[in-house]
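Here our numbering is used: the first residue of the sequence shown is -11, the next is one more, and so on.
Note that CB positions come from ideal geometry on N, CA and C, so glycine has one too.
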Amino acid sequence: MDPVIIVGAGPVGLTLALALARQEVPSVVLDEGPGKDEQRLARTAVLREDTAALIGRLTGFPVTETGFRWAGWRSMRRKQVMREISFSEDDPMLLHLPQHVLTAALREAIGAERLVRIAVDSRLDSLEQEPAGVTAHTRGPKGTWWRGSYLVGCDGPRSTVRKLQDIRFPGRTAVERHAVAALRTELPWPGEALLHRTPPWRTSGPPVSEVIARPLADDVWRMDWLLPPGKDLVTPDLLVARVRETLAGWSGGTTPPYELLDTGVHTVHHRLARRWRAGRVFLAGDSAHLLGALGTQGLDEGLRDADNLAWKLALAWHHGPHEALLDSYQVERRAIVAARLRAADQALPLLRGGGLRSAVPGAARGHDALLTDGHLGRGPLGTPGAYADSPLAPPYAESAVEVDTAAGAAVADVRVTAEDGSSVALRDRLGRGALLVLLIAPGTVVWDRKHWVTAGIMPRLAAAVTALPHRAELLVAESYPGAAAHTVLLIRPDGHLVTAFGGVRPADLYEAAEAAVGGPRTTAEAPAGTS
C-alpha cells in the first residue's frame, strides 16, 4: 500500500502523521516551507487535558511540564470582580504554550519515526484521484509526483487541497480582531488567566472594551485587546500605549517593569467547509473549519480532527476501504464544529451588540458566564462535543447501561491493568488502532493479575474479546465514574465511549464492536491486493 499523503506541516498535519505511524501506517508530509517554524510567543495554543495527553502520548515530550497550566481564572467588569475560579487536580486545567514549542516537539518526534517522511519546499500544485489511490504533484526546487493511498489537506485557511477539490468554504470574515502582545512582567494575579471587560482606565486611543491576559511559562503573558469593528491600522505606538495603560490599570496606576517580546494582530474568521471528504481526499484543521471568537480554541478542534481520522484511515489502510467508517469522519467532526460555530454566532450579537439588551439587570453576569465558558472549554461555546448521533453508534441493546460518560463522549482517564499486568492510565492505551474493552472489577488491585485473570467472569469475557470482528484489548479497572461492578465498557481507539453493558454479553458486545468500525464490510469494499 502507498503511504498517506498529508499536505501541510502545521500541528494538525504533524499530529496526524504521528498518529498514523503509531498504527503502522506510513505517510509523506508535504511541507511548503523549509522545515523550520518561526518562534512567535504571541502565537499560542490552549489545549484541554485530553488533547494535551494526545500530544504527550505521540511525542514523548513533557508537554504538560513545558506548557503552563492556569492556576485559576478571574473575570472583571469595570472595577468589579465577576467571577473567580481556582483549578485543582480534580478540575481539568487548560494548558497554554507557544505554538512553535508544540510544533517543535512534533517535528522532533517525527525525526525519530521511520514511517514518516517530510518533504520540505514542496508546495502542492495538482492532484488526481483514481479508484486505488491519489497522485499529487508538487512544485518548487524539489517538485515531483507523489503516489498515495489517501490524501489529507491540513494546509490551513487558504487550503490548496480544498480549492483543487472545489469544496466551498462559506462563513464570515473578520468576526473579531485582536491586537496581541507577548511580554514578560509580573501581574497581581500570578498564574491566573484574566478577562477584563470595559476596564475603567483612560486610554490614548479608542476605548478598550475587553482585554485578556493568559499566563505562559517563565513569567511570560499573552495579552489580547479586542479591537473595534473596521480595519484601522494597529501601529506599534498604539500597541505600546495599550500595554502600558493596561499594566498600569492593573497595578494601581504605575506601569511595572516589562519586556515586550512579540506583537501581532489576530483576526478571527468563522467558516465551515461544505464537505470534509471527497473520495480519497479529506480535510482537517483550518482547511475544514475556522473558529475562535469568544475564546473558542480552533487548534484544539484541529487536533481532535486528526485523532478521529487517524484510526479510521489506519483501519482502511490495513484492511481495505471501509466507506461507512471513512464517511463517519465528516459526519462526526463536522457536526461538532458546526454546533460550536452556531453557539458562537448566536452569542456574538448578544455580547458585542450593546444597546438596551446590555442594560437588562443580570445581563453582565450572563455575558460573563458565556465568555468564561468559551475560554475555559465549558458550556455550549467550549465543551468538547460527543458523537451522540454518530453513524457508528451501536443498535439498542437491553443489556446496555448508563455510566457518567455519555455514549459518544470521551472517556474518563482512570487507572487500568493492562493484559501484561502493568498498571497504566487509560489514555496511554489509546491511539493504537485497537478497540478497548474495560471491565470494572473492584478489588482486583489487591491481587496479582494471575490470581483473577482466570477467575469469575474473566475467562468468558476474554473469549468474547478474542472473537470480536476487530482487534481489541481487554483492560480491568477498580472503578469508573457511575459504573457498577462488572460493567463492561467498549471504547473506540480515539477514546470515545461506544457503549456500556451490565455484565458480559458476548453477542451484544460483538454487535457493538461491529457497529463501532462501520458495520460489516462488503466484498466491494475489500479489493484484492490490500494489506
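Beta-bridge pairing of residue i - partner residues as DSSP gives them
i       : result
Ile200  : Leu183 and Asp212
Gly308  : Partner(s): none; Gly308 has no beta bridge.
Ala266  : Val269
His277  : Leu260
Asp250  : Ala170
Leu303  : Looking at the DSSP assignment, Leu303 forms no beta bridge with any residue, so it has no partner.
Ile(-6) : Val17 and Val140
Ala124  : Leu115 and Trp134
Arg353  : Its beta-bridge partners do not exist; DSSP assigns none.
Gly159  : Arg259
Thr3    : For Thr3, which the question treats as bridged, DSSP gives no partner whatsoever.
Glu164  : Val256
Thr405  : Ser411 and Val464
Ala33   : Leu85
Ala472  : Beta-bridge pairing links Ala472 to no other residue.
Where residue i falls: helix, strand or coil (DSSP)
i      : result
Tyr498 : helix
Arg28  : coil
Tyr317 : helix
Glu77  : coil
Met64  : strand
Val13  : coil
Arg366 : coil
Met70  : strand
Ala504 : helix
Asp288 : helix
Val325 : helix
His458 : coil
Ala400 : coil
Val51  : helix
Leu221 : coil
Thr393 : coil
Ala374 : coil
Leu555 : The requested residue 555 is not part of the displayed model; the chain covers only -11 to 519.
Gly444 : coil
Pro420 : According to the sequence as given, residue 420 is Arg; it is not Pro. Coil, per DSSP.
Leu8   : helix
Arg57  : strand
Ala335 : helix
Leu427 : strand
Ala294 : helix
When the options are compared against residue i, the one with the closest alpha-carbon
i      : options                           : result
Asp333 : Ala352, Arg172, Val319 and Leu359 : Leu359
Val104 : Ala381, Ala327, Glu12 and Glu499  : Glu12
Phe56  : Arg65, Ala30 and His84            : His84
Val253 : Ala162, Arg330, Thr371 and Leu183 : Ala162
Asp288 : Trp61, Val269, His307 and His363  : His363
Trp58  : Glu180, Arg263 and Pro508         : Glu180
Gly136 : Leu152, Ala281, Asp356 and Ser15  : Ser15
Leu235 : Trp177, Gly218 and Gln285         : Trp177
Glu174 : Arg210, Arg160, Ser147 and Lys151 : Arg210
Gly193 : Leu204, Ala229, Thr91 and Arg102  : Ala229
Arg366 : Glu118, Ala107 and Asp79          : Asp79
Trp305 : Ala107, Leu8, Met446 and Val149   : Leu8
Pro195 : Arg403, Pro457, Trp264 and Pro216 : Pro216
Glu311 : Asp293, Arg268, Arg321 and Gly290 : Arg268
Thr487 : Val391, Thr432, Thr454 and Pro469 : Val391
Ala266 : Tyr317, Leu249 and Leu6           : Tyr317
Phe49  : Ala92, Leu115 and Leu214          : Ala92
Pro494 : Gly237, Ala388, Tyr468 and Val319 : Ala388
Leu112 : Asp408, Ile445, Lys151 and Ala5   : Lys151
Pro86  : Gln27, Asp220 and Gly483          : Gln27
The beta strand (DSSP E) enclosing residue i, as first and last residue numbers
i      : result
Ile479 : Thr475 to Ile479
Gly44  : From DSSP, Gly44 is part of no beta strand (DSSP E) but of the alpha helix (DSSP H) over Glu37 to Thr47.
Glu118 : Arg111 to Glu118
Val486 : Leu485 to Gly490
Ala413 : Ser411 to Ala413
Val104 : Val104 to Ala107
Start-to-end residues for the alpha helix (DSSP H) that takes in residue i
i      : result
Gln87  : Gln87 to Gly99
Thr432 : Counting along the chain, Thr432 falls outside any alpha helix (DSSP H), and DSSP gives it neither H nor E.
Gly237 : Pro224 to Trp238
Arg150 : Thr148 to Leu152
Beta carbon proximity, residue i to chain B, threshold 7 Å
i      : result
Ala398 : Protein chains in the displayed structure number just one, and chain B is not present.
Task: Validate contact between the stretch 390 to 410 and the stretch 273 to 283 using beta carbons, cut 8 Å, 3 pairs - done: Counting C-beta pairs closer than 8 Å gives fewer than three between the stretch 390 to 410 and the stretch 273 to 283, which falls short of the contact rule.
Task: Three CB pairs or more closer than 8 Å across the stretch 412 to 429 and the stretch 456 to 470 - done: Using a Cβ-Cβ distance cut-off of 8 Å, the stretch 412 to 429 and the stretch 456 to 470 are in contact, since at least three pairs of beta carbons, one from each stretch, lie closer than that value.
Task: Cβ contact (3+ pairs, closer than 8 Å) linking the stretch 136 to 150 and the stretch -3 to 7 - done: Under the Cβ criterion (8 Å, minimum of three pairs), the stretch 136 to 150 counts as touching the stretch -3 to 7.
Open item on the list: Three or more C-beta pairs under 8 Å: does that hold for the stretch 378 to 385 against the stretch 89 to 99?
Closed with: Using a C-beta cut-off of 8 Å, the stretch 378 to 385 makes no contact with the stretch 89 to 99, since fewer than three inter-stretch Cβ pairs fall below that distance.
- [ ] May I ask you to verify whether the stretch 152 to 166 touches the stretch 241 to 257, counting CB pairs closer than 8 Å and requiring at least 3?
- [x] The stretch 152 to 166 vs the stretch 241 to 257: in contact.
Task: Touch test, the stretch 58 to 76 against the stretch 183 to 202, Cβ-Cβ under 8 Å, three pairs minimum - done: Touching, yes.
- [ ] Take every Cβ of the stretch 115 to 129, pair it with every Cβ of the stretch 29 to 36, and state whether three or more of those distances are shorter than 8 Å.
- [x] Segment contact: the stretch 115 to 129 against the stretch 29 to 36, fewer than three CB-CB distances shorter than 8 Å; contact not assigned.
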